[in-house]
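Working notes for the structure below.
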Amino acid sequence: MSKNKRTVSLVLGSGGARGLAHAGVIQWLETNNFEIRSISGSSMGALMGGIYACDKLDEYLDWLRALDELDIVKLLDISVGEGGFVRGDKIIEALRGLVGDRQIEDLPVRFTAVAADIQAEKEIWIDHGPLFDAIRASISLPLFFTPANHQGRQLLDGGILNPVPIAPTFRDKNDLTIAVNLGGPHAEEGKLPTKTDHRPAPNGLRDRVTSFLDELSDKAVKLGSTRADMLNIANQTFDTMQSALARQKLAAYPPDAVVTIARNACGTLEFDRVDEMIELGMAVAERDLAHLKNSG
5 MSKNKRTVSL VLGSGGARGL AHAGVIQWLE TNNFEIRSIS GSSMGALMGG IYACDKLDEY
65 LDWLRALDEL DIVKLLDISV GEGGFVRGDK IIEALRGLVG DRQIEDLPVR FTAVAADIQA
125 EKEIWIDHGP LFDAIRASIS LPLFFTPANH QGRQLLDGGI LNPVPIAPTF RDKNDLTIAV
185 NLGGPHAEEG KLPTKTDHRP APNGLRDRVT SFLDELSDKA VKLGSTRADM LNIANQTFDT
245 MQSALARQKL AAYPPDAVVT IARNACGTLE FDRVDEMIEL GMAVAERDLA HLKNSG
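Every position in the sequence shown, counted from 1, becomes a number in this note's numbering once 4 is added.
Okay, here's the thing in C-alpha cells:
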C-alpha cells in the first residue's frame with residue numbers, strides 16, 4: 005500500500021438495482037488514491053461489497069451485462085406459499101459459480117452484511133461464515149425473496165431496519181468512513197441517467213452465461229401480471245420507508261462523507277442498466293467526495 009493512500013470504511017446502502025452505482029463509487033475511490041479496508045453493506049450493498057471483497061466485482065458486472073430477460077427469468081425459482089415469490093437458490097448458486105465459495109473471515113477486506121430479524125425486531129450483523137449465506141440473508145427483499153434461514157433465524161432484507169449500516173464500522177481504525185445512500189431525494193427527469201439499449205457482452209461471454217444458465221434451470225417461468233403489480237407497489241413502499249430510515253441513521257451516526265443517489269435513478273429490478281448506473285455512481289462520487297481529495 006502506498007503511504008499516501010487514505011484508508012476507508014465504506015458503507016454501502018440498500019436499494020435494489022440502484023446499488024450498481026456502488027461500483028462507480030468504488031471505482032472513483034480507487035482512482036483517487038483511497039484504499040477500502042472495511043465494508044458494511046445492507047441488501048444490494050452487501051452483495052456488491054461482498055463480491056468486491058472477493059476481488060470479483062468486474063467479473064460480476066460483466067456477468068450482469070451478459071444477461072438478457074430470458075436469462076433473468078431462468079434465475080427466478082418461483083415459490084408458492086413460502087413468504088416470497090422467489091426462493092433465491094438459483095441466483096445464489098449462479099453467484100457462487102462465478103465467485104467461488106468464500107468465508108467472510110478469509111476475505112482481505114473486513115466485511116459485514118446486515119440483515120433483519122423481524123420476529124426479534126433487531127438487525128443482525130453477519131461478519132463470519134459463508135459469504136453467500138450472509139448475502140442471501142441480507143438481500144431477502146420482502147415479498148420478492150423468501151426469508152433466509154440463517155443459523156436458526158428467519159432473516160429478511162437488511163434495509164428493513166438499517167438501509168445505511170454505519171454502526172458496524174465503529175470499531176474500525178481507518179482514516180475515513182464514507183456512506184453511499186441509495187435513497188436520496190427524487191432527481192428531476194433531465195438529471196437522471198438515460199436508459200440505453202441492452203447490448204450483449206463481447207468475446208463470447210454472453211454464450212457462456214447462457215450455457216451456464218441452461219444447466220441451472222430446466223425451464224423458464226414468469227411472474228403473473230397480478231404478482232408483478234403487487235411487487236411494484238411493495239417496492240415503492242419499501243423504497244419510501246428506506247429513504248426515511250436512511251435519513252434518521254445518517255443524522256444519528258454521521259459519517260465523514262455521504263454519496264447520495266436519487267431513489268428514482270432506476271427501478272429496483274432494472275439490473276440491465278449496469279453501465280449508466282456505474283457512470284452515475286462515479287459522477288455523484290466526484291460531486292460529493294471531491295473535497296476529500298486534497299484534505300487530510
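Positions of the beta carbon are idealized from the N, C-alpha and C atoms, including for glycine.
Please work out which residues of its chain come closer than 8 Å, Cβ to Cβ, to residue i, disregarding the five sequence neighbours upstream and downstream, and give them in chain order.
i: I282; result: L24, A25, A27, G28, Q31 and L65
i: A152; result: G92, A119, D137, R140, A141, S144, Q158, L159 and L160
i: R22; result: M48, L186, I265, R267, A269, C270, T272 and M281
i: E193; result: none
Can you pull the DSSP bridge partners for residue i?
i: F115; result: I43
i: R10; result: F38
i: N153; result: Q158
i: K126; result: D121
i: A261; result: I182
i: P134; result: Q107
i: L165; result: According to DSSP, which records beta bridges pairwise, L165 is partnered with nothing at all.
i: I82; result: V90
Candidates the options: which alpha carbon is nearest residue i's?
i: D110; options: E97, D72 and A57; result: A57
i: R175; options: G271, T116 and L254; result: T116
i: L147; options: L16, V15, Q240 and A287; result: Q240
i: L254; options: N298, P167, A50 and N37; result: P167
i: T244; options: I43, L284 and G188; result: G188
i: E97; options: L135, P169, F38 and D72; result: L135
In angstroms with no decimal places, state the Cα-to-Cα distance between residue i and residue j.
i: A1; j: D105; result: The chain is shown only over 5 to 300; residue 1 falls outside these bounds and no answer can be derived.
i: L165; j: V12; result: 24 Å
i: I130; j: G20; result: 20 Å
i: L180; j: P259; result: 8 Å
i: L209; j: Q252; result: Since pLDDT at L209 reaches only 46, below the 50 mark, its modelled position is unreliable, and no value is offered.
i: K126; j: A171; result: 13 Å
i: L33; j: Q123; result: 38 Å
According to the neighbour-count rule (16 or more other Cβ atoms, all chains shown, within 10 Å of its Cβ), is residue i buried or exposed?
i: T173; result: buried
i: H3; result: Residue 3 is absent from the model: the chain starts at 5 and stops at 300.
i: A256; result: exposed
i: R277; result: buried
Within the same chain, show all residues whose beta-carbon is closer than 6 Å to that of residue i, passing over the 5 residues directly before and after it, in chain order.
i: T230; result: Note that T230 scores a pLDDT of 49, beneath 50, so its modelled location is shaky and nothing firm can be said.
i: G163; result: S18, S46, S47 and Q246
i: A289; result: V29, W32 and V263
i: K297; result: N36
Is residue i a contact residue of the ligand NAD, with contact defined as CB to any heavy atom under 6 Å?
i: P112; result: In terms of ligand content, the structure shown is empty, and the ligand NAD therefore cannot be addressed.
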